[in-house]
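Since the structure comes first, as structure tokens, the remarks are kept for the end.
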Amino acid sequence: MTTQRWILVFIFSLASDTCRTFGSGIVQPFKGESYYVRSDCPFTLTSFTVNRGEYSVTIRRGRNGLLVQVEIIINKVMTLLQNGHVVVQNKSVSLPYDHTYQHIVKYGIYTKLRSSLLPFTVTWHNVDGGINSLWVTLESELSTDMCGLCGKQNLAGHRHELIRDSQLHDLRCKTRDPVLQKNHVCSQFFRKTKSCLQDNNSHFHQLCRDNIFGFENSHEVFCPFFQEVASQCNQSRINRFWRRLTRCEKPSCPGDLIYEKKGPAFIPSCSNPDPAPFYQELTETCVCPRDKVFNNHAIGHHCIPESSCSCEFAGKSYGNGEIRSSKCQSCTCHGGKWRCSENLCHRKCVIEGQFVTTFDGKQYVLPRKCLYVASKGPNWMITIQFNQKGLSLRKVMVHLSKELFVFKNSKVVFEGREIMEFHQTDHAQVYWLSSMFVQVHTTCGIHFQIQLSPEIQLFIDTPDKSNDKIKGLCGNSNSDTTDDFTANSGIIENSAQPFALSWSLGHCHGNIPSNCTNRENENYAHEKCAVLHQPTGMFAKCHPHIPTDYYYTACIQRICNTGRSRREALCIGLASYAKACDGLGVVIGDWRRNTGCNLKCQKNQEFSYNMHTCNRTCTSLSGHDIRCDMDDDPVEGCGCPEGTYLNQGQTCSPKKECACTYYGGIADPGPVVISRQKCNCENGVLSCLPDCDCKNGKVCVSCSEGPVNIVKKTCDHIGKPLDTSETCESGCYCPDHQYEDHFGNCVSLDECTCVFSGKAFRTGQQVNSRCKTCTCYRGMWQCTEKPCPGQCQVYGDGHYQTFDSKWYRFSGQCLYTLVQDSCGNKKGTFSVRVESVPCNQNTLTCSRNIILKLQGKVTLTLSDMQVTRRLHKGWTGHDDSLYSIQTSGLYIQHVCVNWRTPDLCRKLRPFLSCE
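Residues -21 to -1, 1 to 894 (mature numbering (1 follows the signal peptide of the UniProt record, and there is no 0)) are what the sequence shown spells out, left to right.
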């Protein structure tokens, strides 16, 4: 069969950037006349190359006239449309679907694929049996090497050549000539369109007969054609009669949805009740009734009031008013949106062997086995030292003013003495949490945990103060990851190696391998560490909270180059992820038993994933256990079972066998004389006969009953370092949990007074000091300042900073709202949306599109170093007071929005900085 036997009929021309095919074989190319092709052979609809990236759309029709297979390739990523399914890279996907190179979404009654590399979209309409309408849109001239049925964008092709060159080889398919035969519906329809189509009416009529022949009873084939003609005529008279004449009914909508010929492409839903606050693309669509939104959190197609929407988190649905809580915060579902309390969890610096996470969340690997400064402040420093053999830490040294604590060999040593349970100095409180972990609280504002077995690891909480003066491997805790690699010399390094080595002290002992050196270990690691990734495995509960990629990579590297057994290295790697989850309140369960990582406890101690030290030792029975006042992160390890207490021999004993600890010694159970006082030790508690007469509500305190620091009994010394050199003197003091205020009265902590400029102030009273307003609370001044202007910015490959200076990484490929003032209502005045534009050959972001919408009047698009605008609602753009644009070199410095408030422009300038 030769191409001359094809019937080519002119109908009408579309805009030069759209190519469409519909019905049983109508093709409207980018440029030139439309024509008809009847074939079940595969054809290239369009194909071109841009920046070495290949783009193509191929189609094949079935014997029912509909498209039964469409293949779309965008830079080697293949998407297949078949049997109503969308298959990307051989995997069926649900919508919306996001990929580095493309996004696929529901678009009214249609489905749209949009490339993120080029202004290139493919839109189609699914019906029973296939696709009855598909079009390709190119928003700018992209390539001169185009081929396919759509032809070129800027040149009308020869139809015979287009058909011949576009058909793909397939011996099983057939191509037929259209049959010249009259059709009653076509004749009636075009008898009424003469005034609209005029000289072209006969050409429309001919194409109608070609399209409908053999498919007279298939509304899915001939209705798209009549709809196209009616839309081209756009006359109310034709719009009234064409559906009745052709028996083409309006599209039906599922559930509660209602059909609209021209409505929003993206309808309000519970997840996104206001998808486009200023400008909404219009198309044929199904919408919810007025004052309702689509409930996309439930099965089916139902519309509900927005106030009745549920919320979702970690794959679970929460009804309106339900609360979900974690260790860090609680959130309440309110009309489909979460309202959350302040996040109470501190950021941490974590050093697990060679793997480091800074205070601001930057993760890297140490390059060499050295002595490093982990973190340091004005009067404290924490150093870590690697073993010369293996890749674990040998010891951690903590310098607090003139005090030195050394953590190594599963021991804690201070001034040559081992700390077995609890020790308090002027600057620190150090105590064991379990057989594995030690907790340190300091007066310098730094608090941390150290894991001593089976391997030394360090977990440092964000310091309470002087964050700008913190330095070392952990960074500076200023919510900015870009300066985490600040070297000892003050310069910001570009990579981890020179930064880390700048904080090394003395000679290093070899490099830390970055690749596997043992193939057998590598295979074992990939197999065993994969348990972290399993979507239904024991760690799956934590996946929505903490991604596993970093921990999986660390697990593999740890096993590959371990100096201990592979099983031990695996268990240490899995424990790192489990501890991170526990820190957020996500309980993994008995993961050690399920992975063969069980720990053995010494003597009669037992293992727990949440070991408590509060009132679990014999010493704690002798007085108030200050460990009960601490809010330490949960730890695993061995300790005494409930109802027993750890004694001096590190075994667990009942209360009646506990010795009594007092200031200056230890007394065995039974009668004892201390400082000429008759005492009795029973159940770990020492009781002595009082020898003082106290008045004014004060009580008699005997130093033999326990250590008492007299200075800490006054409001004046709350918050000051504890001086352990203070000599205890028996006498009259305020009762426990009360303090002597500046007026000589015993009061609770909440009622403690404060002093300013020599004058005493009661709780709740305020004073002004420079720019601060200070309120007396619990013996301390709490001061506030005027808030500084905030700045929100995004740069690079997904680095975001919020107005509250919170930095985070997010590499999504969609169009995202960066900021808008329409949250919670429909009367916003501006919005800023950003979209990453990836590099052609990898997934990194090469540039970013920015869309600024103002008062529903104008949309400014910043893309490819240019600013374009779109005017809405008849706004002419002559009023220059709405916005102004200033540039500086290669940067668009800011787009300033000018409203009636004189200083609003100045206030809004810093709210966004995009690079």
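Virtual Cβ for every residue (Gly too), placed ideally from N, Cα, C.
Note that the structure is a prediction, hence the values are computed from the model and not measured.
Where residue i falls, given that 16 or more other Cβ within 10 Å makes a residue buried
i: Q160; result: exposed
i: Q(-18); result: Bear in mind that a pLDDT of 30 at Q(-18), under 50, signals an unreliable position, so the number given afterwards is only what the model happens to contain. It counts as exposed.
i: R(-2); result: buried
i: L887; result: Low confidence applies here, because L887 scores a pLDDT of 33, under 50, leaving its location unreliable and the question unanswered by this model.
i: N69; result: exposed
i: residue 935; result: What the structure shows of the chain is the stretch from -21 to 894, and residue 935 is not part of that stretch, so it cannot be assessed.
i: Q185; result: buried
i: R848; result: exposed
i: E207; result: buried
i: K836; result: buried
i: residue 954; result: Since the first and last residues shown for the chain are -21 and 894, residue 954 lies out of range.
i: M844; result: exposed
i: A293; result: exposed
i: P442; result: buried
i: C631; result: buried
i: Q167; result: exposed
i: A277; result: exposed
i: F169; result: buried
DSSP beta-bridge partners of residue i
i: A475; result: Bridge partners of A475: none, in fact.
i: C187; result: The partner list for C187 (beta bridge, DSSP) is empty, contrary to what the question assumes.
i: N747; result: T752
i: D77; result: H82
i: I645; result: T640
i: residue 895; result: The requested residue 895 is not part of the displayed model; the chain covers only -21 to 894.
i: M125; result: For M125, which the question treats as bridged, DSSP gives no partner whatsoever.
i: I653; result: Q656
i: V385; result: M376, V392
i: D440; result: K327
i: E397; result: V392
i: S666; result: N659
Residue range of the beta strand (DSSP E) that includes residue i
i: Y556; result: Taken as a continuous stretch (DSSP letters only), Y556 belongs to no beta strand (DSSP E), being part of the alpha helix (DSSP H) at 545 to 562.
i: N111; result: 109 to 117
i: R572; result: Counting along the chain, R572 falls outside any beta strand (DSSP E), though it belongs to the alpha helix (DSSP H) covering 570 to 574.
i: F292; result: 290 to 292
i: F27; result: 21 to 29
i: V49; result: 46 to 53
i: A533; result: Segment 528 to 539 is the alpha helix (DSSP H) holding A533; no beta strand (DSSP E) there.
i: H64; result: 64 to 67
i: C725; result: 725 to 727
i: N828; result: 824 to 833
Boundaries of the alpha helix (DSSP H) in which residue i is found, first to last residue
i: D144; result: 138 to 145
i: C152; result: Careful: C152 lies outside any alpha helix (DSSP H) and carries neither H nor E.
i: F205; result: 198 to 212
i: V164; result: 163 to 170
i: N105; result: No alpha helix (DSSP H) holds N105; the beta strand (DSSP E) holding it covers 99 to 106.
i: S174; result: 173 to 176
i: R498; result: 498 to 508
Neighbour flag for residue i against chain B, beta carbons, 9 Å
i: Q81; result: In the structure shown, chain B cannot be found, because there is only a single protein chain.
Distance CB(residue i)-CB(residue j) smaller than 9 Å
i: V106; j: I83; result: no
i: N299; j: G279; result: no
i: S354; j: S389; result: no
i: K131; j: F9; result: yes
i: N275; j: C310; result: no
i: E585; j: C550; result: no
i: L452; j: W411; result: no
i: Q717; j: Y529; result: no
i: L96; j: N54; result: yes
i: Q656; j: C617; result: no
i: F273; j: N455; result: no
i: I330; j: L383; result: no
Near the ligand COA: residue i beta-carbon under 8 Å from a heavy atom
i: T574; result: The ligand COA is absent from the structure shown, which contains no ligand whatsoever.
Checklist entry - Do the region 616 to 626 and the region 596 to 608 make contact, defined as three or more Cβ pairs closer than 8 Å? => result yes
Checklist entry - How do the region 466 to 475 and the region 785 to 797 stand: do at least 3 beta-carbon pairs fall below 8 Å, yes or no? => result no
Checklist entry - Just checking, does the region 548 to 558 make contact with the region 505 to 522 on the three C-beta pairs under 8 Å criterion? => result With contact defined as three or more Cβ pairs closer than 8 Å, the region 548 to 558 and the region 505 to 522 are in contact.
Checklist entry - Three or more beta-carbon pairs under 8 Å between the region 639 to 658 and the region 610 to 618, yes or no? => result Between the region 639 to 658 and the region 610 to 618 there are fewer than three C-beta pairs closer than 8 Å, too few to call the two in contact.
Checklist entry - Would you say the region 356 to 365 touches the region 499 to 508, given that touching needs at least three Cβ pairs under 8 Å? => result No: fewer than three Cβ pairs fall under 8 Å.
Item to check | the region 197 to 204 / the region 257 to 267 touching (three or more Cβ pairs under 8 Å) | outcome: no
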